[in-house]
Amino acid sequence: MSYPQDLNDLADEHAAWLRSMGWWKNKTPLEALFLVVSECGEAGNEVRGETPTEHFAEELADIILRTLGIAAEHDINIQQAVWNKMAKNRSLVPNKDRIK
Numbered sequence: 010m011s012y013p014q015d016l017n018d019l020a021d022e023h024a025a026w027l028r029s030m031g032w033w034k035n036k037t038p039l040e041a042l043f044l045v046v047s048e049c050g051e052a053g054n055e056v057r058g059e060t061p062t063e064h065f066a067e068e069l070a071d072i073i074l075r076t077l078g079i080a081a082e083h084d085i086n087i088q089q090a091v092w093n094k095m096a097k098n099r100s101l102v103p104n105k106d107r108i109k
């Protein structure tokens, strides 16, 4: 199996799979976003103890896949959005009182 080279390729591949399964249906952006929130809750259930369970990574992947599905459905260039956000974050001034 070859892997996509960027997030947009991954989003398109995931969207194609969703369509092939019959799981691609028009959801409002809010409905789609709450599916991401539900995946965050599932991930939270996998870290109730001191160490994440063996299922934690899978739940993190679900969060990313749900997010990529939203990006694909709304024609968002998620690769560029991530790079733009990283650049914006790099421009922030550290709060020395919060750094430990």
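Each residue of the sequence shown is one higher than the last, beginning at 10 in the working numbering. Even glycine gets a Cβ: it sits at the ideal position worked out from N, Cα and C. Model, not experiment: these values are computed from the prediction.
Do the stretch 23-40 and the stretch 89-97 meet, that is, are 3 or more Cβ pairs less than 8 Å apart? Verdict: no, contact absent.
Length of the line joining the Cα atoms of K97 and T76: If you take the alpha carbons of K97 and T76, they lie about 20 Å apart.
Could you check whether the stretch 17-31 touches the stretch 42-50, counting it as contact only if at least three pairs of C-beta atoms, one from each stretch, sit closer than 8 Å? Contact between the stretch 17-31 and the stretch 42-50 is absent, because fewer than three Cβ pairs lie under 8 Å.
Please report how far the alpha carbon of I73 lies from the alpha carbon of D18, in whole angstroms. Our two residues, I73 and D18, have alpha carbons roughly 13 Å apart in a direct line.
Classify G31: buried if its beta carbon has 16 or more other beta carbons within 10 angstroms, exposed otherwise. Result: exposed.
Below 8 Å on the Cβ atoms is my contact criterion, and I expect L111 with Q88 to pass it. Report the Cβ-Cβ distance as a whole number of Å. Residue 111 is absent from the model: the chain starts at 10 and stops at 109.
Residue range of the alpha helix (DSSP H) that G31 falls in? First-last for G31: undefined, no H or E at that position.
If we ignore side chains and look at the alpha-carbon of each, how far apart do F65 and E55 end up? Their backbone Cα atoms lie some 5 Å apart in a straight line.
How far does the alpha helix (DSSP H) with N98 in it reach, from first residue to last? I87 to R99 is the span of the alpha helix (DSSP H), which, as asked, contains N98.
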